[in-house]
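One structure is given here, and the rest of the page talks about it.
There are 2 protein chains.
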Amino acid sequence: MTPPDHRFLRALRREPVDATPIWIMRQAGRYLPEYRATRARAGSFLALAQTPELACEVTLQPIRRFALDAAILFSDILTVPDAMGLGLHFVEGEGPKFARPLRDAASIRALGVPDPATSLRYVTDAVRLIRHELHGRVPLIGFAGSPWTLACYMIEGEGSASFARAKALALQDPALMHHLLDVLARSVATYLAAQAAAGAQALMLFDTWGGLLTPTMFTEFSLRWLGAVVAQVRAQAPEVPLILFSKGANAHLEGLADTGCDALGLDWTIDIGDARARVGTRVALQGNLDPAVLAATPATIRAQAAAVLDAFGPHPGHVFNLGHGITPDIDPAHVAALVDAVHELSRRG
Amino acid sequence: MTPPDHRFLRALRREPVDATPIWIMRQAGRYLPEYRATRARAGSFLALAQTPELACEVTLQPIRRFALDAAILFSDILTVPDAMGLGLHFVEGEGPKFARPLRDAASIRALGVPDPATSLRYVTDAVRLIRHELHGRVPLIGFAGSPWTLACYMIEGEGSASFARAKALALQDPALMHHLLDVLARSVATYLAAQAAAGAQALMLFDTWGGLLTPTMFTEFSLRWLGAVVAQVRAQAPEVPLILFSKGANAHLEGLADTGCDALGLDWTIDIGDARARVGTRVALQGNLDPAVLAATPATIRAQAAAVLDAFGPHPGHVFNLGHGITPDIDPAHVAALVDAVHELSRRG
Chain Z
38 MTPPDHRFLR ALRREPVDAT PIWIMRQAGR YLPEYRATRA RAGSFLALAQ TPELACEVTL
98 QPIRRFALDA AILFSDILTV PDAMGLGLHF VEGEGPKFAR PLRDAASIRA LGVPDPATSL
158 RYVTDAVRLI RHELHGRVPL IGFAGSPWTL ACYMIEGEGS ASFARAKALA LQDPALMHHL
218 LDVLARSVAT YLAAQAAAGA QALMLFDTWG GLLTPTMFTE FSLRWLGAVV AQVRAQAPEV
278 PLILFSKGAN AHLEGLADTG CDALGLDWTI DIGDARARVG TRVALQGNLD PAVLAATPAT
338 IRAQAAAVLD AFGPHPGHVF NLGHGITPDI DPAHVAALVD AVHELSRRG
Chain D
38 MTPPDHRFLR ALRREPVDAT PIWIMRQAGR YLPEYRATRA RAGSFLALAQ TPELACEVTL
98 QPIRRFALDA AILFSDILTV PDAMGLGLHF VEGEGPKFAR PLRDAASIRA LGVPDPATSL
158 RYVTDAVRLI RHELHGRVPL IGFAGSPWTL ACYMIEGEGS ASFARAKALA LQDPALMHHL
218 LDVLARSVAT YLAAQAAAGA QALMLFDTWG GLLTPTMFTE FSLRWLGAVV AQVRAQAPEV
278 PLILFSKGAN AHLEGLADTG CDALGLDWTI DIGDARARVG TRVALQGNLD PAVLAATPAT
338 IRAQAAAVLD AFGPHPGHVF NLGHGITPDI DPAHVAALVD AVHELSRRG
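Chains as they are written, first to last, in our numbering: chain Z, 38 to 386; chain D, 38 to 386.
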């Protein structure tokens, strides 16, 4: 068992730590040659994500290489819509697509909450296996996509620069959009609670497209349902800390903190000290080095890591991370330089 | 001659207007069938932008169709680096590329300020022709890219999600980056002043990638050089109003207003009333309807336009626009609905 006083879990609870914990979004990813080898063996991204043994293997790869303070389940936010029957597949070089996107009210009204014990069993199996294989070395994070973000993909059927179809539905038939978001909130909360029951020791909710909304629409269509997910997860898994990351939504930090989550993820376009001044000690903060810094020299990486640590200051409640996922072009030696710098520079006593 | 009391120019000067003026970023673009026909005739985007008669034709097309309050020169922000010798070309479906990107200090130190009278003559010729063909119907806007944005493209050699090369150079050799930004600021200011001398009645500076920076880097590498361009344009063309648009940089509105520009462009992720409360009457504000709204029904477009007008309130100093460029999928009838709604809903007395 991971001790409950691991520095990652302590930081999420805003308790003092011996050094600032760090993990990296997309740490199990294409910048690692061992990931690319496993991915090639799996044949497809989806086979990798849906085979517990392979998902476990790539989840552990960065933990073996670096002194990271948390593992994160290798999966995809679109597993939930897939389990709802939309038919997820990945087109090489084009990203995710759904065979059956939501194009009418009837298909939205027909959606139900998927049972994690059946259609998402491969995820909870992976969580159990990873927990076993981690041997308590570091805590395991489970995750899901936010209702708004999932709705965007489900309505468009694929990624989009603007998600204009989803926004048009929200503006033209808000009742129908809220029906969809309600089903998604219950699905996501049930899914996150199932990951916690299978062994995930922290949970993260990715609101990838909330930042594309006007303030009014963000409050109504994204934030409201983030709050619903937090409340429902709290009720089902009260002990498991929940991190909320709404990319590009720095204008809404106070509202995000008010959801009752334990921590907020931050992108790099805000000073983490300013963010802390705004949300106080209500939540821990996770972030927020610009991922592009990892393309610079180790000396520059160290200096920029120091700047983030200094901006946060000597308070409890900081989990170091990038402000967005690591990119495939990064030299793994630069990741090692970052992880070591964060631990060395933040060492207490 | 366009009267100097045209409502677009009055709004930029924060003077009362009979109705809120509107123009649309990328109003001369692929959503118009007549644009697609002229583009096909030109053979390439670059031929279209570099042939004054064709650039004039597409600039005028949206003015013929809609009751827009300003025309904007059809051109590209990368004309300046092209004139500096980098070899601009467009690869179908991939966007702009430079044949000779900046990959070492020597190539940066070798750059000079291009003379608008020679290497950018096709632009000033287009401005003169458009002014003549407009017959004073609406004012003409000239534009350029910001020093930081141009540096990003010049260092990467093409578009990028992260511009990690440009950021690494800024962090690792700030003196060299500032040398580049200084040359670019002087080039851009000279270029904008030449457009004004040729007849442009307002100027706009697009800081497309400033919003990808941390607050510290934004201040040092983007904002500082925006201020330099504004000051130099002011000195060379004191009568011509200057609009600054730093996409995704809503956290920095106060600093942007302090540059001494006349107006700030806003994306749609901020309430325009909140923006006005922050910058006061120092600048006019241009924006900020979510471009995705144009994919909704005309009734929804009208309601959302009303929401933006209401958020700004009954003060002088509003130029209506989208928060980003119009997308190629939009029905021109929806643009007409927007333009008419803005004029009708804002009509005074």
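Glycine included, C-beta positions come from ideal geometry on N, C-alpha and C. Since we're looking at a predicted model, the values are computed, not measured.
Just to confirm the assignment, what range does the beta strand (DSSP E) spanning residue i have?
i	result
P89 of chain Z	P89 of chain Z -> not in any beta strand (DSSP E); alpha helix (DSSP H) instead, spanning P89 to R102.
V54 of chain Z	Looking at the DSSP string, V54 of chain Z is not in any beta strand (DSSP E), and its letter there is neither H nor E.
H355 of chain D	H355 to L359
H169 of chain Z	H169 of chain Z -> not in any beta strand (DSSP E); alpha helix (DSSP H) instead, spanning R158 to L171.
G302 of chain Z	A300 to G302
Bridge partners for residue i per DSSP, in chain order?
i	result
V128 of chain Z	Z:G132
L322 of chain D	D:L301 and D:H355
D244 of chain D	D:S283
L221 of chain Z	Answer is none; L221 of chain Z lacks a bridge partner.
A239 of chain D	D:I178
I363 of chain Z	Bridge partners of I363 of chain Z: none, in fact.
I61 of chain Z	Answer by DSSP bridge pairing: none, since I61 of chain Z is not bridged.
Just curious, the alpha helix (DSSP H) that residue i is in, first and last residue?
i	result
G292 of chain D	L290 to A294
I192 of chain D	P184 to E193
L263 of chain Z	R261 to Q273
I338 of chain Z	P335 to F349
L110 of chain Z	Unbroken run through L110 of chain Z: none, as it is neither H nor E.
L206 of chain D	A201 to Q209
F258 of chain D	No alpha helix (DSSP H) contains F258 of chain D, which DSSP labels as neither H nor E.
P369 of chain Z	P369 to S383
D311 of chain D	I309 to V316
R146 of chain Z	A142 to R146
R44 of chain Z	R44 to L49
I think residue i touches residue j, with their Cβ atoms under 8 Å apart; what is that distance to the nearest whole Å?
i	j	result
V95 of chain D	F82 of chain D	No, V95 of chain D and F82 of chain D are not in contact; Cβ-Cβ is about 11 Å, not under 8 Å.
F282 of chain Z	M254 of chain Z	19 Å between Cβ atoms; not a contact.
R271 of chain D	G297 of chain D	6 Å
L218 of chain Z	P118 of chain Z	In fact, because the Cβ distance is near 13 Å, the residues do not count as touching under 8 Å.
A231 of chain Z	P151 of chain Z	Incorrect: roughly 10 Å between the Cβ atoms, too far for contact.
Y159 of chain D	Q209 of chain D	Contact doesn't hold; Cβ gap of about 37 Å is too wide.
A222 of chain Z	P184 of chain Z	5 Å
I338 of chain D	H371 of chain D	6 Å
L331 of chain D	L263 of chain D	About 29 Å separates the two Cβ atoms, so there is no contact after all.
query = At a Cβ cut of 9 Å, what residues of the region 255 to 287 of chain D count as close to chain Z, listed as they run along the chain?
reply = Residues of the region 255 to 287 of chain D that bring their beta carbon within less than 9 Å of a beta carbon in chain Z comprise F255, G285, A286 and N287, in sequence order.
key: Residues, ordered as in the chain, of the region 300 to 317 of chain Z that lie near chain D by beta-carbon distance below 8 Å   = Correct list: W305, T306, I307, D308 and D311.
ask   = Which residue spans inside the region 63 to 92 of chain D form an unbroken beta strand (DSSP E) run of at least 3?
value = Whole beta strand (DSSP E) segments, 3+ residues: zero.
message = To be precise: take each residue of the region 217 to 251 of chain Z, compare its Cβ to all Cβ atoms of chain D, and keep it if any distance is under 8 Å. Which residues remain?
response = Listed by position, the residues of the region 217 to 251 of chain Z near chain D (Cβ gap below 8 Å) are G248, L249, L250 and T251.
Against chain Z: residues of the region 351 to 369 of chain D by CB proximity under 7 Å = Here the close residues are T364.
inquiry  = At a CB distance below 8 Å, what residues from the region 67 to 100 of chain Z approach chain A? Give them in sequence order.
reply    = Of the protein chains in this structure, namely Z and D, none is chain A.
Selection of the region 317 to 329 of chain Z by Cβ proximity to chain D, strictly under 8 Å = Per Cβ criterion, the list reads D327, P328 and A329.
message = What are the residues in the region 140 to 159 of chain D lying within 7 Å of chain Z by C-beta distance?
response = Hits within the stretch: zero.
request  = Output, in sequence order along the chain, the residues in the region 199 to 212 of chain Z whose CB is closer than 8 Å to any CB in chain D.
outcome  = Residues of the region 199 to 212 of chain Z whose Cβ lies closer than 8 Å to any Cβ of chain D, in chain order: S199, F200, A201, R202, K204, A205, L208 and Q209.
task = Pull out every residue of the region 43 to 65 of chain D whose Cβ sits closer than 7 Å to any Cβ of chain Z, in chain order.
result = If you check each beta-carbon in the region 43 to 65 of chain D against every beta-carbon of chain Z, none falls closer than 7 Å.
message = Give me the subset of the region 180 to 194 of chain Z whose CB atoms are less than 7 Å from a CB atom of chain D, sorted by chain position.
response = Going along the region 180 to 194 of chain Z in chain order, one finds no residue with a Cβ nearer than 7 Å to chain D.
query = the region 122 to 139 of chain Z: which residues have C-beta closer than 8 Å to a C-beta of chain D, in chain order?
reply = Within the region 122 to 139 of chain Z, no residue qualifies.
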